[in-house]
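Q:
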Amino acid sequence: LSSSSSFLTTSTSSSPPSFLISTSSSLFSSSSPSSSTTSSSSPPTSKPVSSSFLSPEPSIVKTTSNKRKTMLYIKGYQYQLKDYNENKTIKFWRCAKRDCGVLLHTNLNDEFIRYSEKNINHKHLPNPAALEIRDLKEKMRQRAETELVPLQEIAEQEVRNGLLTGDALANLSNIFEIGIV
-12 LSSSSSFLTT STSSSPPSFL ISTSSSLFSS SSPSSSTTSS SSPPTSKPVS
38 SSFLSPEPSI VKTTSNKRKT MLYIKGYQYQ LKDYNENKTI KFWRCAKRDC
88 GVLLHTNLND EFIRYSEKNI NHKHLPNPAA LEIRDLKEKM RQRAETELVP
138 LQEIAEQEVR NGLLTGDALA NLSNIFEIGI V
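The letter at position 35 of the sequence shown is residue 22 when you use the working numbering, and the numbering goes up by one with no holes.
#1: Can you tell me whether L135 is buried or exposed? The criterion is at least 16 other CB atoms within 10 Å of its CB, across all chains shown.
#2: Taking 7 Å as the limit between beta carbons, can you name the residues of its chain near Y60, skipping five residues before and five after?
#3: Which complete beta strand (DSSP E) runs does the segment 56 to 104 hold, if anything under 3 residues is left out?
#4: Report buried or exposed for Q129, applying the criterion of at least 16 other Cβ atoms within 10 angstroms of its Cβ.
#5: From L101 to H111, what does the alpha carbon distance come to, in whole angstroms?
#6: CB-CB under 7 Å to T57, same chain, minus the five flanking residues each way: which ones, in chain order?
#7: When DSSP builds the beta bridges, which residues end up paired with K126?
#8: Quick one: what does DSSP say V48 is sitting in, helix, strand or coil?
#9: Between Q144 and E104, what straight-line distance do the alpha-carbon atoms span, to the nearest angstrom?
#10: Can you give the beta carbon distance from I120 to A131, rounded, assuming they're within the 8 Å contact cut?
#11: Give me the Cα-Cα distance between T76 and D97, rounded to the nearest whole angstrom.
#12: E134 by DSSP, collapsed to three states: which one?
#13: Buried or exposed: where does N72 fall if 16 or more other Cβ atoms within 10 Å of its Cβ makes it buried?
#14: Going by the CB atoms, is the gap between Y64 and H109 shorter than 8 Å?
#15: Measure the C-alpha to C-alpha separation of S46 and K62 and round it to an integer number of angstroms.
#16: When burial is assigned at 16 or more other CB atoms within 10 Å of the CB, is K246 buried or exposed?
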């Protein structure tokens, strides 16, 4: 209870709340409220920005489409294989939303090379839950091919065991709409 009272005193100050910008865990320490006030007078240290956010080489997750083709998932956007270059050394990927127009170049091992110079800005928002839903559907499909369990039961078990985020659960409104049941 004493740590919550010090939390209230630090959050009512005129400066921004330290729990939003501080890397220290002094909010939940057993220090006295006076020591937390003195530490808040020093400039707060901000959390370092993730290097993957600033990195020109985004992390790539491979997944499969409904037709079992390889897809790439990068920063909430899905990409489908479009073509190869003349030498067959570079793959060209397009955004899965056809009207978007963003192109991505990878090597044959699907390692990021660069975005196309023509259009690097998507015309839509990213969907971070799409990868979770796609993976869930793939698990259901694989189980349906190998097990003699009713599809409804497989779907219910996978949704229960999937540990989906709230965003993914909101997009997964009905088990019957996910394509395999």
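For every residue, glycine included, the Cβ atom is placed at its ideal position computed from N, Cα and C.
A: Quick look at the numbers:
#1: Reading the sequence shown from its first residue, position 148 is the one you call residue 135. Counting Cβ neighbours within 10 Å, L135 comes out exposed, since fewer than 16 surround it.
#2: Along the sequence shown, read from residue 1 onward, the residue named residue 60 stands at position 73. V48, T50, L118, listed in sequence order.
#3: Entirely contained in the segment 56 to 104, the beta strand (DSSP E) runs reaching 3 residues are, in chain order, 57 to 61, 64 to 71, 77 to 82, 90 to 94, 99 to 102.
#4: Within the sequence shown, the letter at position 142 stands for residue 129. Exposed, because fewer than 16 other Cβ atoms sit within 10 Å of the Cβ of Q129.
#5: Taking the sequence shown and counting its residues from 1, one reaches residue 101 at position 114. Taking the sequence shown and counting its residues from 1, one reaches residue 111 at position 124. Per the sequence presented here, residue 101 reads as Arg, with Leu not at that position. Looking at the two C-alpha atoms, the distance is approximately 20 Å.
#6: Mapped onto the sequence shown, residue 57 falls at position 70. Apart from sequence neighbours up to five positions away, the residues of its chain that approach T57 with a beta-carbon distance below 7 Å are K49, T51, L68, ordered along the chain.
#7: If you number the sequence shown from 1, residue 126 lands on position 139. Paired residue(s): none; K126 is not in a bridge.
#8: For this step, residue 48 is matched to residue 61 along the sequence shown. Correct three-state label for V48: strand.
#9: For the purposes of this step, residue 144 is taken as residue 157 along the sequence shown, with counting starting at 1. For the purposes of this step, residue 104 is taken as residue 117 along the sequence shown, with counting starting at 1. Across the structure, Q144 and E104 are spaced so that their CA atoms are roughly 45 Å apart.
#10: Here residue 120 is taken as the residue at index 133 of the sequence shown, counted from 1. Here residue 131 is taken as the residue at index 144 of the sequence shown, counted from 1. With a Cβ gap of about 16 Å, I120 and A131 do not count as contacting.
#11: Translated into positions along the sequence shown, residue 76 becomes position 89. Translated into positions along the sequence shown, residue 97 becomes position 110. Cα-Cα distance, rounded: 11 Å.
#12: Within the sequence shown, numbered from 1, the residue matching residue 134 stands at position 147. Looking at E134 - three-state DSSP - the assignment turns out to be coil, as it is neither helix nor strand.
#13: Within the sequence shown, the letter at position 85 stands for residue 72. If you draw a 10 Å sphere on the C-beta of N72, you find fewer than 16 other C-beta atoms in it, and that means exposed.
#14: Here residue 109 refers to the residue found at position 122 when the sequence shown is read from its first residue. Here residue 64 refers to the residue found at position 77 when the sequence shown is read from its first residue. Less than 8 Å divides the Cβ of H109 from the Cβ of Y64.
#15: By one-based count along the sequence shown, residue 46 stands at place 59. By one-based count along the sequence shown, residue 62 stands at place 75. Those two C-alpha atoms are separated by around 8 Å.
#16: Not covered by the structure: residue 246. The range shown for the chain is -12 to 168.
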